[in-house]
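Residue numbers (this note's numbering): 5 to 600.
Take a look at the structure set out below.
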Amino acid sequence: MLKYFIMLLLTCLVIIGCNEKIPEDALAKVGDKYVTKEEFLKQFSKLTNEEKKNTITEEGRKAFLKTILYKELMEKEAFFRKIDESSIVKDRLNKIRENWILNELFILTISKPSEINDSVFNEIQKKWNEELFVQVVVLETREKANEFRDRAIKGEKWTDLAPIYGITNWEVGLKGELGWLLFGALGTDLDEFVWSLPLNEVSAIHEINPGAFCVARVLKRRPTKPDVITKEVKHRFWHNLYEKRRWLRLKAVRDSSIKASNAKIDSAAFDIFMDNAYKFRGKGKYSARDTTKGLKSVKKFFTFFTPDQKKMIILTYNNKQLTIEELLKKLDKEGPYTSPNESSIDAMRHYLFEIAFIDVQLNRASELKIDTKKELLDLLEKKKAELVVDELYNIEVLKKVDYKSFKEDDKIKYYESNKLKFLGAPPLKVAWIINENEDTLKSILKTKSFDFSETAKKYSIHDTKSNGGERGWITEKDPFLGKFFSVLQKLNKNEVSNVLQLETNKGKPSRYTIVKILEKGLPQPKAYNDCKNDVIDVMIFEWREKRLQDFLSELYSKYKTREFFDNLAKMELKVEEEKKEEKSDIKEEEHHHDKK
5 MLKYFIMLLL
15 TCLVIIGCNE
25 KIPEDALAKV
35 GDKYVTKEEF
45 LKQFSKLTNE
55 EKKNTITEEG
65 RKAFLKTILY
75 KELMEKEAFF
85 RKIDESSIVK
95 DRLNKIRENW
105 ILNELFILTI
115 SKPSEINDSV
125 FNEIQKKWNE
135 ELFVQVVVLE
145 TREKANEFRD
155 RAIKGEKWTD
165 LAPIYGITNW
175 EVGLKGELGW
185 LLFGALGTDL
195 DEFVWSLPLN
205 EVSAIHEINP
215 GAFCVARVLK
225 RRPTKPDVIT
235 KEVKHRFWHN
245 LYEKRRWLRL
255 KAVRDSSIKA
265 SNAKIDSAAF
275 DIFMDNAYKF
285 RGKGKYSARD
295 TTKGLKSVKK
305 FFTFFTPDQK
315 KMIILTYNNK
325 QLTIEELLKK
335 LDKEGPYTSP
345 NESSIDAMRH
355 YLFEIAFIDV
365 QLNRASELKI
375 DTKKELLDLL
385 EKKKAELVVD
395 ELYNIEVLKK
405 VDYKSFKEDD
415 KIKYYESNKL
425 KFLGAPPLKV
435 AWIINENEDT
445 LKSILKTKSF
455 DFSETAKKYS
465 IHDTKSNGGE
475 RGWITEKDPF
485 LGKFFSVLQK
495 LNKNEVSNVL
505 QLETNKGKPS
515 RYTIVKILEK
525 GLPQPKAYND
535 CKNDVIDVMI
545 FEWREKRLQD
555 FLSELYSKYK
565 TREFFDNLAK
575 MELKVEEEKK
585 EEKSDIKEEE
595 HHHDKK
């Protein structure tokens, strides 16, 4: 009788489970949690208009719901594994917390609207009466800046030196030649520095910030045309002036905080730290701008210090002490503020003082109870969910494959089966005119319409002039035009390039060219040796995608996930018309920065 009763009870429970009443706004269920229309619409609102259009279709809706479910599954599994209690997640959350608190304190106590009035604006307008033709190079060290400056003074071409010494896009893309500028274009105090320079003189070295120095030269001055002073120019000026004042206020607060903390760097410990940094630099190439290599390199950097050196106190502040060992651990955990190389003396000193500054500011924020604000607590909860998912992905996908395990035969086999995934840039059929005089080519381009073939026969100094400058098909490996290939690709058929400077052997005069696109070919597969790295990148990407999908399928089953496509089909999804963005005035600009 009891056995019959138990079976009856179990049957009833199964029937009740099968007849589960699904909420009208439920789109899916992950474990015991429903994914609702509200959550779907919230995520949908973050999409671009183009993405929204793709999501409105039946297949698009299902695919988008899948992405929401994947996040829910990963999050559920991550918390199940207690990844939120790992030191990695805790450290990252603490960094987010610190940054938010410091930013909030900055808004409350430092960032105030700029006192910009008509008299200030009128003073600047006077400087807009002329434009300057400016050359600027930004360098990593004072030593390199001195070397660049000496070579420029001796007459070496600025545009040849800039790509070698410079560290910004100014040098790479523009070869250090910024062209005609109005006052306000460079921002902060760099404008003041450049506008104070005499004509045609290589400037003294100007320190922009710790670890960055610049050298500049003004080649020409000319009266400004009336139509140059546009609303956009004025807006940019206000923005730069506001940023400059904001930066100066922050610097003043930082300096006072460091002073209040009685921060002192021990010179003996600092010298030992930097001496070992130089030795380390000599053993391993280490880029300050490569964070991944930086983190790995700091671990090796530990080994350069003796046990006694690690115990040395390098910084004292607020009655606290920081040893070299603690500094190394801090660099390893946060990612190096700068690389321990010959360019980092100023930047490392700045980093040490920054530790003291942050300590003072966090204490002040605690007194103001900024660290207990609801907005911060909500942010940390949201970020925790994101971080645990990232770390689970790292554990289950990123760490599951080692590219070194891919054999050469496997890579070649994959390449042979997937050649169309590794296409090179389409070849170009071109004609060119080469001349030693840049102005000659510029004057040709100014002619509204000219016969390229006949002009080549008249002005080109190259053998191809006999057949109208036709050079034939070129690729990105072309010895003369290869470095301009990406620029030439952007041109249309029958379009002519601007004047390009060709590389020449030392001692020979410069040569210049203009290039006409005659035809554009079809992309061709690259040779295996030219795309080895691309092959392994694609293989890793595809392996990871497969691993992710397999892992999600496991979670799908583990948490008994279900979708309710009928409810999904009934949803109203709209794509709003894109609004034209109006340019904000200075008050809106200030409000935006204060919120930041």
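Note that CB positions come from ideal geometry on N, CA and C, so glycine has one too.
Bear in mind that the values here come from a model prediction, so they are computed numbers and not experimental data.
- The Cβ-Cβ distance between Leu577 and Thr59 falls below 8 Å.
- Note on geometry: alpha-carbon atoms of Asp570 and Glu558 lie some 25 Å from one another.
- Annotated as distal: Lys524 and Leu424, with beta-carbon spacing of 8 Å or more.
- With a cutoff of 8 Å on beta-carbon distance, Asn266 and Tyr355 are scored as not near each other.
- Here Arg85 carries a coil assignment [DSSP, helix/strand/coil].
- For Val542, same chain residues with a beta-carbon under 7 Å away, outside a window of 5 residues either side, are Lys425 in chain order.
- Looking at the DSSP output, Asn439 bridges to Tyr516.
- Beta-carbon to beta-carbon, Arg146 and Val219 are separated by about 11 Å, too far to satisfy the 8 Å threshold.
- In summary, Tyr563 is buried, with 16 or more beta-carbon neighbours lying within 10 Å of its beta-carbon over all protein chains present.
- The count of Cβ pairs closer than 8 Å, one atom from the region 401-421 and one from the region 499-507, stays below three, leaving the stretches out of contact.
- Sequence-distant partners of Ile72 (beyond 5 residues in either direction) whose C-beta falls short of 7 Å from its own C-beta, in its chain, are Val39, Glu43, Phe44 and Gln47.
- The secondary-structure analysis by DSSP pairs Pro529 across a beta bridge with Leu427.
- Beta bridge pairing from DSSP links Val142 with Cys218.
- Three or more Cβ pairs closer than 8 Å define a contact, and the region 387-404 meets that threshold against the region 62-78.
- When secondary structure is reduced to three states using DSSP, Trp162 falls in the helix class.
- A distance below 6 Å between beta-carbons, with the five flanking residues on each side excluded, links Asp29 to the following residues of its chain, in chain order: Thr40 and Lys41.
- In the assembly as shown, Lys161 is an exposed residue. Its beta-carbon has fewer than 16 other beta-carbons within 10 Å.
- When DSSP states are grouped into helix, strand and coil, Leu485 belongs to the coil group.
- Leu391 and Ile318 have their C-alpha atoms roughly 33 Å apart.
- Between the region 88-103 and the region 378-387, the count of Cβ pairs shorter than 8 Å is three or higher; the stretches touch.
- The beta carbon of Gly486 sits closer than 8 Å to those of Ile478, Thr479 and Glu480, all from its chain and outside the five residues before and after it, given in chain order.
- Straight through space, the alpha carbons of Met278 and Arg353 are spaced by roughly 10 Å.
- CA-CA distance, Gly170 to Ile209, rounds to 14 Å.
- In this structure, the alpha-carbon of Ala156 lies about 28 Å from that of Pro483.
- With respect to the 8 Å criterion, Phe357 and Ile262 are classified as neighbours on the basis of their beta carbons.
- The Cβ neighbour count for Asn537, taken over all protein chains shown within 10 Å, is under 16; the residue is labelled exposed.
- For Thr320, DSSP records a beta bridge to Lys268 and Gln325.
- Bounds of the alpha helix (DSSP H) holding Trp199 are Leu194 to Trp199.
- Judged by DSSP in its simplified three-state form, Pro227 adopts strand.
- Taking the Cα positions, Gly159 is about 13 Å away from Ala166.
- DSSP places Leu384 inside the alpha helix (DSSP H), whose first and last residues are Lys378 to Glu400.
- Comparing alpha-carbon positions, the option among Phe309, Lys25, Val257 and Tyr418 lying closest to Asp275 turns out to be Phe309.
- According to the DSSP assignment, Thr459 belongs to the alpha helix (DSSP H) that extends over Phe456 to Tyr463.
- Distance check between Glu135 and each of Asp36, Lys229 and Lys37 places Lys229 closest, using alpha-carbon atoms only.
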